[in-house]
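Trainee:
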Amino acid sequence: MKLEIVCAGIGGRGVLLASTILIEAAIASGHNAIASDEYGMSQRGGSVVSLVKVGDFKSPLIGRERAHIILAFEESEFYRNIAMLKREGIALVNTQRKTLPDAIYSLAQERALACYLVDADRIAKEKGMIQAANMALLGFFAFLSIEPYTRENVERTIKKRVSEKLLEKNLEIFQAGYMGAKEVLS
Amino acid sequence: MKVLAEVMMGNYAIARGLVEAGIQVAAAYPGTPSSEILPGIIEFKRREKCAIHTEWSVNERCAMEVAYGAAIAGKKAACMMKQVGLNVAFPALLRGMHKTIKGALVVVSCDDPGPQSSQTEQDTRLLATLFYIPVFDPASPEEAADIAYCALKYSFEHKTPVILRSTHRVSHARQAVPLYPPGTRKVTLHEGINHQSPLANRQSRIMALGIVASGMTYSIAMDVLQDIGISDIVPIYKVVQFSPITGHQSPVTLRGSSTPGLQAFLDSVDNVLVLEETDAVIEALIDRGKKALGRRNGYVPKEGELTYDVVKGVIERAMEKAGIEKKSFVPDSRIEEAMKTVAVKPRPPKLCAGCSHRSSFYAMRYAFPDAIFPGDIGCYTLGTLQGAVDTCIDMGSGVTLASGFYNTFHQDGKVPPILASVGDSTFFHACLPPLYDAVTTNKKFILVIMDNGTTAMTGMQPTPQTGITADGTHTRSITIENVLKGFGIGFVKVIDPYDIPLMIQTIKEAYDYLTTHQSPVTSHRSPITNHHSPAVIIARRECLLNARGRVKKMVEDLPIERDCIGCKGCIKFFGCPAITFDEERRKVVVDDGICVMCGMCLIVCNMMRQKKGSSKF
Ligand code: SF4
Ligand code: SF4
């Protein structure tokens, strides 16, 4: 199995935590995995990209049109990184939009992309913690059950990686994201 | 025995290897991408209960010489820095070649291809090979742990300093790294022909193309060969270690090149592509003329990072040269077409939302729009965006260049305002020597020390002022104002940069002070009363990220969206990343997710609306 994932977003909004959870959940389920983080000089508000490769890879870098999945924690960062997504790739985008802009919509059709628009900010805000919107997106992602990820192993890793103080809220938001996906997709 | 493994970044892996190898002294100065190694050593020394002296030295030269001193005295020592830090530390390293050490000395120097957060892309391996210093080049975090372990042993056995060169892609990659009890790591360095490579079992055949690579570039090349499906026809030779060979014509060589391995490999291919970051080191050492495809003949770009796509492009061109038929990758241009229609928010590197440096720069630019602004190395290099940093060369150059500019203009008879900026960590690192000169020769410039109480850009390491050491214990604090007092500088003001109007006023006072030769220290016993230049302002407010959890809201309510008249002044001259401009509504929008309610934008906005802002620029 080989899986290449791009986590994209802005600093201070939990992109690196999300990718940490993805790499650790993959390793815990017996796979090789390697990740690479890149962030600019400032830590709040700048573009952040973290790459996770699961399977028999040597390097953590992902080339153009090679990623299976993009988790975009912010809408603009989705567009910025869309060229990394391969044909038939999957994108999860944190946005208030109900539909993609026309040109992106046709592109997605032409390249057979599956794009899920998730209002993760709203889900997190409703639970009183907008900073944890990353968990809502992860919850949605977990519902898709893409090997090796399951609701159980992602949740278990969250429990290991999120500090006790914030854990309860994070899990609550994760579950809300999961249920959100369940509503739309089943 | 089941070996435990833990997911960690390359820098922690290096730390792990050094601790397992029995390091006793570790000193470092932070610099991206090397900064996490010392904290890693501290973490593992705690876990393994080892006695290791660890310190953040005030600069790289101090770190190197602390480690060097320990190595002369018989200890196993290491020092850590970024590649440009090695320039600062070089004198001792050159002496180190002469077998003066009794213990071990590993110098970890992390390169920054790109560069992503440095002034240059210099290649540590080039310096090392130039001066016959053995250097190791790991290709992954896992290998970095093994190599750190071997490097310390190698240094101890050969009584020579060795360099472990990492790059940001290795230092900041994360991977599961096996943990061994100290002294028991099982290491086999994978050097030479990869076991998956075709040559291993088909020795007699000449191949059209082979690759020699090292470091992260090797790892990327391996993935590319797999991904495009040619790993069975293009063999790859991996270089890990560059070592001096006594009595050999070329003083430094690649391990294996004197043995049949590398030579045989090179002889068994018609074309050899050399992939390495960031300079042409292997390429020069193997010296295969036209047969070698690399930087010298333009196959590999001379600058910039070798990313996956770059490596793929290079390999495809080499295949073409070697006559290997394969359909090359054609990017789908529809992606770019579609991208043109959507507004992607530009997100150039910026100071954090609520960062007090932004207010300082705003005030500096406001007070003297036409000043010369020598800047320095730190987050605050980003003051360029606000037009308040003109130059940035190396650590301390805020003060040295200000000095040079002053002398130049003074000689020519007309001195414009000169407003230099340096950070607190940089102040201690490199600004004291040039300040002695500035004081003794009375150079009239304003120095703004942006004191946020930490070394912020590299991840919040303490400075001599914080009164905290590397492992968190308390120590004496040396305050900047006390140091300045020792210099006899007459104008020293400490202010909160969030008070933008006061900051502007203070900068103007400083200028008046310099130009009228008035010293407030009238009782000063110095016979030359006007010799109190330069003027120094300490803009002090704790870094927001460092104060995480303790940051207080400065305003309860932020009516900026409501009051916005659409002049874009705050975007242009202030540039808080929490604020974007909505072209449709002709108003600013604040992102609640990153705004920290510092209220600075309100001050700026107010000045703009009263036409006191942009009209000044
Ligand atoms: S300075 Fe004030 S009025 Fe001008 S764009 Fe910014 S918020 Fe709007
Ligand atoms: S209050 Fe204004 S300047 Fe401060 S962080 Fe928020 S938007 Fe930025």
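Each protein sequence line maps, in turn, to chains A and B.
Using our numbering, read the first sequence as starting at 8 and increasing by one per residue.
Using our numbering, read the second sequence as starting at 905 and increasing by one per residue.
Ideal placement from N, C-alpha and C gives every residue a C-beta, glycine not left out.
Treat the numbers as computed from the prediction; the structure is a model and nothing was measured.
#1: Assuming T1359 of chain B and Q1365 of chain B are in contact, meaning their beta carbons sit under 8 angstroms apart, how far apart are those beta carbons, in whole angstroms?
#2: Measure the alpha-carbon distance for E162 of chain A versus L178 of chain A and round it to whole angstroms.
#3: Please classify P1065 of chain B as buried or exposed, where buried requires at least 16 other C-beta atoms within 10 Å of its C-beta.
#4: Hey, out of B:I1137, B:N1356, B:L1083, whose CA is closest to C1259 of chain B's CA?
#5: Can you tell which of B:A971, B:H1062, B:S1044 has its C-alpha closest to the C-alpha of K1003 of chain B?
#6: Cβ-heavy atom distance between L1462 of chain B and ligand 2 below 7 angstroms?
#7: Beta strand (DSSP E) containing Q1079 of chain B: first to last residue?
#8: Among B:L942, B:C1296, B:T1345, which residue has its Cα nearest to the Cα of V1326 of chain B?
#9: Can you tell me where the beta strand (DSSP E) with A1364 of chain B in it begins and where it stops?
#10: Residues of chain A with CB under 9 angstroms from M1243 of chain B, in chain order?
#11: Which runs of the beta strand (DSSP E) fall wholly inside the region 45-120 of chain A and span at least 3 residues, in chain order?
#12: I'd like to know whether the C-beta atoms of A121 of chain A and A183 of chain A end up nearer to each other than 8 angstroms.
#13: Under the three-state reduction of DSSP, which class applies to Q182 of chain A: helix, strand or coil?
#14: Could you give the first and the last residue of the continuous alpha helix (DSSP H) run that contains T1420 of chain B?
#15: Reducing DSSP to helix, strand and coil, say where I1140 of chain B ends up.
#16: If you draw a straight line from the alpha carbon of A1188 of chain B to that of M136 of chain A, how long is it in whole angstroms?
#17: Can you find a heavy atom of ligand 2 that lies under 7 angstroms from the Cβ of M1512 of chain B?
#18: Pull up the DSSP beta-bridge partners for Y1066 of chain B, would you.
#19: Under 8 angstroms, do V970 of chain B and V923 of chain B count as touching if we go by C-beta distance?
#20: Between R33 of chain A and V61 of chain A, what straight-line distance do the alpha-carbon atoms span, to the nearest angstrom?
#21: Let me know if I1124 of chain B comes out buried or exposed under the rule of 16 or more other beta-carbons within 10 Å of its beta-carbon.
#22: Buried or exposed for E1229 of chain B, going by 16 or more other Cβ atoms inside 10 Å?
#23: Within this structure, are the beta carbons of V988 of chain B and T1033 of chain B separated by less than 8 angstroms?
#24: Short check: CB of R1192 of chain B to CB of L1170 of chain B, under 8 angstroms?
#25: May I ask you to check if the CB of G1258 of chain B is nearer than 7 angstroms to at least one heavy atom of ligand 2?
#26: Going by alpha carbons, who is nearest to V1185 of chain B out of B:C1283, B:L1030, B:T1345, B:F1272?
#27: Which residues, taken in chain order from the region 1061-1080 of chain B, show a beta carbon closer than 7 angstroms to some beta carbon of chain A?
#28: Considering only the beta carbon of each residue, do T975 of chain B and G1007 of chain B sit closer than 8 angstroms?
#29: Determine the extent of the beta strand (DSSP E) in which A932 of chain B is found, giving its start and end residues.
#30: Kindly indicate if chain A contains any beta-carbon less than 8 angstroms away from that of S938 of chain B.
#31: Taking the alpha-carbon positions, what's the K93 of chain A to S83 of chain A distance?
#32: Whole angstroms is fine: what's the gap from S1022 of chain B's alpha carbon to W960 of chain B's?
#33: If contact means a Cβ-Cβ distance below 7 angstroms, which residues of the region 54-71 of chain A contact chain B?
#34: Tell me where the alpha helix (DSSP H) around T958 of chain B begins and ends.
#35: Give a yes or no on whether the minimum CB-CB distance between K1216 of chain B and chain A is below 8 angstroms.
#36: In the DSSP output, which residue or residues are listed as bridge partners for C1474 of chain B?
Mentor: Straight from the coordinates:
#1: About 4 angstroms; that satisfies the 8 angstroms criterion.
#2: E162 of chain A and L178 of chain A: Cα-Cα distance of roughly 7 angstroms.
#3: Counting Cβ neighbours within 10 Å, P1065 of chain B comes out buried, since at least 16 surround it.
#4: Of the listed residues, the one whose Cα sits closest to C1259 of chain B is B:N1356.
#5: From the listed residues B:A971, B:H1062, B:S1044, the smallest Cα separation to K1003 of chain B is found for B:H1062.
#6: Taking 7 angstroms as the cut-off, the C-beta of L1462 of chain B counts as close to a heavy atom of ligand 2.
#7: Note, Q1079 of chain B: beta strand (DSSP E), 1077-1083.
#8: Distance check between V1326 of chain B and each of B:L942, B:C1296, B:T1345 places B:C1296 closest, using alpha-carbon atoms only.
#9: Here residue 1364 of chain B is Met; the residue named in the question, Ala, does not match the sequence. Element bounds for M1364 of chain B: n/a, residue is neither H nor E.
#10: In chain order: Y86, R87, I89, A90, A110, I111, L114.
#11: The region 45-120 of chain A contains, as complete beta strand (DSSP E) runs of 3+ residues, the segments 54-61, 74-79, 92-101 (chain order).
#12: For the pair A121 of chain A and A183 of chain A, the CB atoms are not nearer than the 8 angstroms cut-off.
#13: In the structure shown, Q182 of chain A sits in a helix (DSSP, three-state: H, G or I).
#14: Element bounds for T1420 of chain B: 1404-1420.
#15: In this structure, I1140 of chain B counts as strand in the three-state DSSP scheme.
#16: One C-alpha to the other measures close to 56 angstroms.
#17: The beta carbon of M1512 of chain B sits no closer than 7 angstroms to any heavy atom of ligand 2.
#18: Reading off the sequence shown, one finds Val at residue 1066 of chain B, where the question assumed Tyr. According to the DSSP secondary-structure assignment, V1066 of chain B is paired through a beta bridge with B:V1010.
#19: No.
#20: For the record, residue 33 of chain A in the displayed sequence is Ala; it is not Arg. Rounded to the nearest angstrom, the two C-alpha atoms are 7 angstroms apart.
#21: I1124 of chain B is buried by the Cβ-count criterion.
#22: With fewer than 16 other Cβ atoms within 10 Å, it is exposed.
#23: In this structure, T1033 of chain B does not lie closer than 8 angstroms to V988 of chain B by Cβ.
#24: Yes; because the gap between Cβ atoms is below 8 angstroms, this pair is in contact.
#25: Result yes, Cβ under 7 angstroms from ligand 2.
#26: The shortest C-alpha separation from V1185 of chain B is found at B:L1030.
#27: Per Cβ criterion, the list reads R1073, H1076, A1077, R1078, Q1079, A1080.
#28: First, the residue type needs correcting, since residue 975 of chain B is Ala and not Thr in the sequence shown. Contact flag set, yes.
#29: 929-932 is the span of the beta strand (DSSP E), which, as asked, contains A932 of chain B.
#30: Residue contact with chain A for S938 of chain B: absent (no Cβ-Cβ distance below 8 angstroms to any residue of chain A).
#31: Between K93 of chain A and S83 of chain A, the C-alpha separation is close to 18 angstroms.
#32: Straight across, the Cα-Cα distance linking S1022 of chain B with W960 of chain B is about 20 angstroms.
#33: Result list: S54, F64, K65, S66, P67, L68, I69, G70, R71.
#34: The continuous stretches of alpha helix (DSSP H) do not include T958 of chain B, which lies in the beta strand (DSSP E) extending over residues 957-960.
#35: For K1216 of chain B, a Cβ of chain A is located within less than 8 angstroms of the residue's own Cβ.
#36: Looking at the DSSP assignment, C1474 of chain B forms no beta bridge with any residue, so it has no partner.
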